[in-house]
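> Just so you know, the sequence shown maps onto residues 1 to 977 in UniProt numbering.
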Amino acid sequence: MSGGAAGRIAALNGELTLSFLTRIAARYHLGIRDVLAAVTDVGGLQNLTGMLYPDSEIHLNAQARERVAALCHVPQHVLEQALPAWTREEPCGKYGVGPVGRLMRGEEVVAAWGPACPACTTARTGREAPARRYLAPEQRVCARHRYWLLYLPHTGGLTVPLGRCPEVIEAQRQHARLLHRSPIGAPAFEVARAVTNSWWEQPWPRQEGAWPARLDATRPDGADPGWWKVAARDLISYPEAVTVARVLANPRWQQHTLAQTRVHLPYRLGEIPALLAELADRLGRPWLAHRLADVTHGPLFTWAHSCVLIHADPTPAAQQKLWKVHSSHRPRPLSDLLPPPELRTDSGQPEPRPVKRLRGHSLQAERAFQRSLAHARAYHQQFGHLAVPKEDSFGDYPLGAWLSNLRTRHTRVPAHQAAALHALYPWWNAPWSTLWQRTWHQARDHMEANGPLEPASGFPTTGYSLGEWLYLQCTRYPTLHPEQQRLLTHIGIDAPAAAAARPRRRSSAERFQVGLAHARTFADVHGNLAVVAHAAMHDSYPLGQWLGNQRRGRRSDRRPLPAERAQALADIDPWWNPPWGLSWQRHYYRARDAAVGSLLQAESGFSDLDDSGAADWLWHQSATYDELSEEQRQLLTDIGITAEVARSAREHARTAPPRPAAAPAPQTDKPSPAGKGADPAAPTHRHRTRRAAEPKRPREPRSRLGHRPDLRPGFETALAHARAYAAEHGHLAAPRDTRHDDYPLGMWLLSQRNRAKQRARDGLPPSPHLTELAAIDPWWNPPWNSEWQRNYYRARDHIEAGEPFDPAARVPAPSTVLGSWITRACLQYDQLHPDQQHLLNAIGITAQTADQWPPSPRPRPHAEALTHARTWAGEHGHLCPPIKTVQDGFPLGEWLNRQRELAKKRSSPSPTQQDLAVIDPWWNPPWAILWQRTYHHAQADPRHPAARHWVQSQRRGWLLLHPGQQHLLTTAGLVNV
Ligand SMILES: [Zn+2]
1 MSGGAAGRIA ALNGELTLSF LTRIAARYHL GIRDVLAAVT DVGGLQNLTG MLYPDSEIHL
61 NAQARERVAA LCHVPQHVLE QALPAWTREE PCGKYGVGPV GRLMRGEEVV AAWGPACPAC
121 TTARTGREAP ARRYLAPEQR VCARHRYWLL YLPHTGGLTV PLGRCPEVIE AQRQHARLLH
181 RSPIGAPAFE VARAVTNSWW EQPWPRQEGA WPARLDATRP DGADPGWWKV AARDLISYPE
241 AVTVARVLAN PRWQQHTLAQ TRVHLPYRLG EIPALLAELA DRLGRPWLAH RLADVTHGPL
301 FTWAHSCVLI HADPTPAAQQ KLWKVHSSHR PRPLSDLLPP PELRTDSGQP EPRPVKRLRG
361 HSLQAERAFQ RSLAHARAYH QQFGHLAVPK EDSFGDYPLG AWLSNLRTRH TRVPAHQAAA
421 LHALYPWWNA PWSTLWQRTW HQARDHMEAN GPLEPASGFP TTGYSLGEWL YLQCTRYPTL
481 HPEQQRLLTH IGIDAPAAAA ARPRRRSSAE RFQVGLAHAR TFADVHGNLA VVAHAAMHDS
541 YPLGQWLGNQ RRGRRSDRRP LPAERAQALA DIDPWWNPPW GLSWQRHYYR ARDAAVGSLL
601 QAESGFSDLD DSGAADWLWH QSATYDELSE EQRQLLTDIG ITAEVARSAR EHARTAPPRP
661 AAAPAPQTDK PSPAGKGADP AAPTHRHRTR RAAEPKRPRE PRSRLGHRPD LRPGFETALA
721 HARAYAAEHG HLAAPRDTRH DDYPLGMWLL SQRNRAKQRA RDGLPPSPHL TELAAIDPWW
781 NPPWNSEWQR NYYRARDHIE AGEPFDPAAR VPAPSTVLGS WITRACLQYD QLHPDQQHLL
841 NAIGITAQTA DQWPPSPRPR PHAEALTHAR TWAGEHGHLC PPIKTVQDGF PLGEWLNRQR
901 ELAKKRSSPS PTQQDLAVID PWWNPPWAIL WQRTYHHAQA DPRHPAARHW VQSQRRGWLL
961 LHPGQQHLLT TAGLVNV
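Below, the structure written as structure tokens:
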């Protein structure tokens, strides 16, 4: 070929190399095939790979490039600047040497391109020749000549006149401005394009007018509208994509999104109304905001999700996540949607084709998803939800693990899978815990069965555990996720109801235990229960009133006190409820205390006792000794008033001047703190004068060790709240946000715990005043976390309330709040603190119970596959089955291929791959798997002609074989060296 005639041929800026070669061919009045033959000719053979299509591109090696430069008379460095693919690759040819060309096509391997504007090309080259250029998204419009430069697979592209669509040209202007002003303009446009594409792929609402009009205005004469709707996707949605990109790229809208979600990960786009309103307004589609509000998936949702996710991390790497478009959200390549011309029928209409799989998703993954979804559907049918605990299996299938994996990557799940899950169970990907969600279902089921929950009355219809959970939700209501608040509204708990909620009241058994604990503490200090005044409060607990109720219950037949409760009280004080008056009993104790260390002298009317009231009472008892009951006499004998002494006292009374009236009985029924009002040592008038004359004994100061005096009142207040809380709940394991009568008790307890732990760390002895907390609840500051302790109390309350409890039989079910704690307690029993084990023993969970729990079923996703692999290898002696091999319904060949691909990407083998290597060390050889299969065929049947032929060829190319291949051939006896 002599080139001089054509002169210098310039390349267009950004032109495809093949487009340039085509124009060179036209200038020489040749066909493109002739030019390609000339450029890649090696001794009369064409060193060219790939097929030539109208949408192909070519990569040339250095020698071929030299020939092109010579043909067009343009230096290489100029061509390199103009042609983006000029030095992209040094392709290897069929003949090893000489110039090489490699043809390729498709959106995966050739960057985005389109036709060059014909008017611009003519102006630039002086000739009317079609050309193709690589185009960035903002270069699709020639504003000057009003063209859209449309990429169409299988063609050289299409220039679409934009005369009737000025908004597209205006959008291009805005697009350029965005790129000029914002460093994230380009990635923001990619996100926006994914967003508009997701709208495009859904059925368009009735109100959508702009897109159909634009389709109509741009459709070439005679083109099929259905075909055009697919082909023109990027053109039609371009103005909207630019508008969305401008909103998303604006940092103000990122901040708005963060503020509106209150830093909750969004569940649905409706939680960001301002952003939706802005988009609807700027796009001129008022209905769009409403339509987007229910969206829980897709590129816009993912963007908002990332916005919240990365807000605390200002590093560039984190910020980049905001602009990542996952493959499942990218617009599908046009070449997947538009069939090549060879598949079209004569009429030019595309033939219906089998649905092509989505890129990036293997058929096997899709089949696995459908299988798992069937399990999920069955589970949902049985339980009404999909809030499956992570460790739970459904039948043999590890459904909990599968759903948990899906939840962690829910924004990346393909749209059709997300839609299928959403249709089954809308909260499959809720951003709160599955435990919360399960408990909510429990509450809803409870409400449906038992009527309204009545928060203002303390959830009277619920069990204690559920009631406690509901109350906790009410106290946390303002900080809950908006969708959680919405869910609570479904069960009758809206903001006003939550504010008015009362704590769940305890059962009578629970209340009894609380009263009993107070009675025990009181008796430990005061020695008996008789001296408790009716209105007495013990640690803010109405102990007097409670004891009165128990006594009434003991006496009445209507609601008799159960025998074991009466016994529990009798164990504290056998005379807690004497058959005679309480007043007698109180006087008796007063006298007993007064008599300690004194000699009772009946002759002097016991007047040598310090307590004249006691003395008078003793004298009176002596006088009426015969009227007393047997037990009373026995009690008196115990303090030295025998029948003998009583008679002596009576006789002394006859001879002695009459005694002044007895001191009034100790007044115990006035409201005052217990122990003080019942203080029998109050001086009576007989001794008042004498006592007044004596110097006052210094009062024993109360122990305030460890307290600054000015802090003591605050501590007392807190302590009073702690006592009241413990009286109500039976423990002090209050969650950190607990407020008791508006006092931040939870925070106070937390700080006390921290202080105590700090002192322990510093090697200091425990602060003495904290013993007062230990007196309320010995486990107020356990060495394990308080959450565990709270759960423990929950279990204890559950048992005391008489609810079904049998850990060995998994009652309550592991799917409940309590059940999941019990599960963990049993599974981790051996690792628990000895005191924890001790506490568990008290509620019937022992090492034996724990032993009955098998280790939790760990999901083994590949266990099934490995079993099939073993079976197949057992039958065939190796693990290189043909790719189509199906073993017992399992696609073993495909699965192994997938494992091989994965193994290539890993630096070290996964456990599954290690297991495979144990089955067959050559399951994934470093040479082609095809070789390995042929080898196994030859080994199985060495006399087969094909095998013999193959072995011969191996022998010929022996030196080119991998040492492993040589090893296999020799050990199998196929080749003798
Ligand atoms: Zn132009």
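The beta carbon of each residue, even a glycine, is placed where N, CA and C say it ideally should be.
(1) By the 10 Å Cβ neighbour count, where 16 or more other Cβ atoms means buried, how is SER612 classified, buried or exposed?
(2) Who are PRO115's beta bridge partners in DSSP?
(3) DSSP puts CYS142 in a beta bridge; with which residues?
(4) Can you determine whether any heavy atom of ligand 1 sits closer than 6 Å to the C-beta of ARG173, and answer yes or no?
(5) By the 10 Å Cβ neighbour count, where 16 or more other Cβ atoms means buried, how is TRP204 classified, buried or exposed?
(6) Is any heavy atom of ligand 1 found at a distance shorter than 6 Å from the C-beta of CYS120?
(7) Can the beta-carbon of ALA171 be found closer than 7 Å to that of TYR95?
(8) From what residue to what residue does the beta strand (DSSP E) around PRO945 run?
(9) With a cut-off of 8 Å on the beta carbons, I'd call TRP895 and GLN364 a contact; round off their distance for me.
(10) When you compare the CB positions of TYR477 and PRO503, do they come within less than 7 Å of one another, or not?
(11) So LEU322 and VAL295 are in contact, right, with Cβ under 8 Å, and what is the actual spacing, rounded?
(12) Quick one, which of LEU258, THR408 and LYS390 has its alpha-carbon nearest GLY400's?
(13) Are the CB atoms of GLU167 and LEU83 within a distance shorter than 7 Å?
(14) Under 7 Å between the Cβ atoms of ALA69 and GLN76?
(15) Hey, could you find the ends of the beta strand (DSSP E) ARG332 is sitting in?
(16) Between the beta-carbon of HIS145 and the beta-carbon of CYS165, is there less than 7 Å?
(17) Which runs of the alpha helix (DSSP H) spanning at least 4 residues fall entirely within the stretch 594-620, listed in chain order?
(18) Is any heavy atom in ligand 2 found nearer than 6 Å to the beta carbon of CYS92?
(19) Does DSSP put PHE890 in a helix, a strand or coil?
(20) Label PRO115 either buried or exposed according to how many other C-beta atoms from any shown protein chain fall within 10 Å of its C-beta, with 16 as the threshold for buried.
(21) Looking at the structure shown, is PHE394 part of a helix, part of a strand, or coil, going by DSSP?
(22) Looking only at its own chain, which residues have a Cβ that is under 7 Å from the Cβ of ARG412, when we skip the five neighbours before and after it?
(23) If you compare alpha carbons, which of ALA312, ASP392 and ALA188 is closest to TRP303?
(24) For ligand 1, is there a heavy atom less than 6 Å away from the beta-carbon of CYS142?
(25) In this structure, what does DSSP give as the bridge partners for VAL811?
(26) Do HIS59 and LEU27 come within 7 Å of each other at the CB atom, strictly closer than that value?
(27) When DSSP labels each residue in this structure, what does TYR95 get in the three-state scheme?
(28) Within the same chain, show all residues whose beta-carbon is closer than 7 Å to that of ARG870, passing over the 5 residues directly before and after it, in chain order.
(29) With DSSP run on the structure shown, which of helix, strand or coil describes TYR743?
(30) Measure the C-alpha to C-alpha separation of ALA594 and ASN781 and round it to an integer number of angstroms.
(31) TYR28 by DSSP, collapsed to three states: which one?
(32) In the DSSP assignment, find the unbroken beta strand (DSSP E) run with LEU103 in it and report its ends.
(33) Please report the distance separating the alpha-carbon of PRO354 from that of ASP336.
(34) So is the beta-carbon of CYS165 under 6 Å away from any non-hydrogen atom of ligand 1?
(35) Using 8 Å as the cut-off, can you tell me whether the stretch 885-901 makes contact with the stretch 936-949, which would need three or more C-beta pairs spanning the two stretches below that distance?
(36) Using the Cα positions of PRO680 and HIS587, report the straight-line distance between them to the nearest angstrom.
From the atom records:
(1) For the purposes of this step, residue 612 is identified with residue 612 of the sequence shown, where counting begins at 1. So SER612 ends up on the buried side.
(2) What you label residue 115 is simply residue 115 of the sequence shown in a count that begins at 1. When beta bridges are read from the DSSP output, PRO115 appears opposite ARG132.
(3) Reading the sequence shown from its first residue, position 142 is the one you call residue 142. Residue pairing by DSSP puts CYS142 in a beta bridge opposite TYR147.
(4) Counting from one through the sequence shown, the residue named residue 173 turns up at place 173. Not one heavy atom of ligand 1 lies closer than 6 Å to the C-beta of ARG173.
(5) Along the sequence shown, read from residue 1 onward, the residue named residue 204 stands at position 204. A residue is called buried when at least 16 other Cβ atoms come within 10 angstroms of its Cβ; TRP204 does not meet this threshold and is exposed.
(6) Residue numbering aside, residue 120 sits at position 120 when the sequence shown is read from its first letter. Yes - ligand 1 has a heavy atom lying nearer than 6 Å to the Cβ of CYS120.
(7) Start at 1 with the first residue of the sequence shown, and residue 171 comes out as number 171. Start at 1 with the first residue of the sequence shown, and residue 95 comes out as number 95. For ALA171 and TYR95, no; Cβs fall outside 7 Å.
(8) In the sequence shown, counting from the first residue as 1, residue 945 sits at position 945. Premise fails: PRO945 lies in the alpha helix (DSSP H), 945-956, not in any beta strand (DSSP E).
(9) Taking the first residue of the sequence shown as 1, we reach residue 895 at position 895. Taking the first residue of the sequence shown as 1, we reach residue 364 at position 364. Contact flag correct, Cβ pair sits at about 7 Å.
(10) Working through the sequence shown from its first residue, we reach residue 477 at position 477. Working through the sequence shown from its first residue, we reach residue 503 at position 503. For TYR477 and PRO503, no; Cβs fall outside 7 Å.
(11) Working through the sequence shown from its first residue, we reach residue 322 at position 322. Working through the sequence shown from its first residue, we reach residue 295 at position 295. Rounded to the nearest angstrom, the Cβ distance from LEU322 to VAL295 is 18 Å, too far for a contact under 8 Å.
(12) For the purposes of this step, residue 400 is taken as the residue at position 400 of the sequence shown. Of the candidates LEU258, THR408 and LYS390, the one whose C-alpha sits nearest the C-alpha of GLY400 is LYS390.
(13) Against the sequence shown, residue 83 aligns to sequence position 83. Against the sequence shown, residue 167 aligns to sequence position 167. No.
(14) Taking the first residue of the sequence shown as position 1, residue 69 is located at position 69. Taking the first residue of the sequence shown as position 1, residue 76 is located at position 76. In contact: ALA69 and GLN76 (Cβ atoms closer than 7 Å).
(15) By one-based count along the sequence shown, residue 332 stands at place 332. Where ARG332 is concerned, there is no enclosing beta strand (DSSP E), because DSSP gives it neither an H nor an E.
(16) On the sequence shown, position 145 is the one that residue 145 refers to. On the sequence shown, position 165 is the one that residue 165 refers to. No, they are not a contact pair.
(17) None, since the stretch 594-620 contains no complete alpha helix (DSSP H) of that length.
(18) Absent from the structure shown: ligand 2. Ligands present: ligand 1.
(19) Within the sequence shown, residue 890 is the residue found at index 890, counting from 1. DSSP places PHE890 within a strand segment (E or B) once states are collapsed to three.
(20) Taking the first residue of the sequence shown as position 1, residue 115 is located at position 115. Flag for PRO115 reads buried.
(21) Locating residue 394 in the sequence shown gives position 394, counting from the first residue. The answer is strand: DSSP assigns PHE394 an E or B state.
(22) Looking up residue 412 in the sequence shown gives position 412. Here the set comprises HIS326 and SER328.
(23) Translated into positions along the sequence shown, residue 303 becomes position 303. The shortest Cα separation from TRP303 among ALA312, ASP392 and ALA188 belongs to ALA188.
(24) In the sequence shown, the residue the question calls residue 142 occupies position 142. Yes.
(25) Reading the sequence shown from its first residue, position 811 is the one you call residue 811. According to DSSP, VAL811 bridges with ASP806.
(26) Position 27 of the sequence shown, counted from the start, is the residue given in the question as residue 27. Position 59 of the sequence shown, counted from the start, is the residue given in the question as residue 59. Per the sequence presented here, residue 27 reads as Arg, with Leu not at that position. No, these two residues do not count as a Cβ contact at 7 Å.
(27) As a working note, residue 95 is residue 95 in the sequence shown. TYR95: coil per DSSP, three-state reduction.
(28) As a first step, residue 870 must be located in the sequence shown, where it is residue number 870. Exclusion of the five residues before and after ARG870 leaves ILE919 as the residues of its chain whose Cβ lies within less than 7 Å of its Cβ.
(29) For the purposes of this step, residue 743 is identified with residue 743 of the sequence shown, where counting begins at 1. Assignment of TYR743 by DSSP, reduced to helix, strand and coil, places it in the strand class.
(30) As a working note, residue 594 is residue 594 in the sequence shown. As a working note, residue 781 is residue 781 in the sequence shown. Between ALA594 and ASN781, the C-alpha separation is close to 40 Å.
(31) Residue mapping note: residue 28 aligns to position 28 of the sequence shown, counting from 1. TYR28 falls in the coil class under three-state DSSP.
(32) Against the sequence shown, residue 103 aligns to sequence position 103. Unbroken beta strand (DSSP E) run through LEU103: 101-104.
(33) Numbered from 1 along the sequence shown, position 354 holds the residue referred to as residue 354. Numbered from 1 along the sequence shown, position 336 holds the residue referred to as residue 336. Interpretation of PRO354 is limited by its pLDDT of 47, a score under 50 that renders its predicted location unreliable; no figure is taken from the coordinates.
(34) On the sequence shown, position 165 is the one that residue 165 refers to. Answer for CYS165: no, Cβ out of range of ligand 1.
(35) Counting Cβ pairs under 8 Å, fewer than three are found: no touch.
(36) Locating residue 680 in the sequence shown gives position 680, counting from the first residue. Locating residue 587 in the sequence shown gives position 587, counting from the first residue. Confidence in PRO680 is poor, its pLDDT being 42 and thus under 50, which makes the residue's placement unreliable; the coordinate value appears in the next sentence. Rounded to the nearest whole angstrom, the CA to CA distance from PRO680 to HIS587 is 8 Å.
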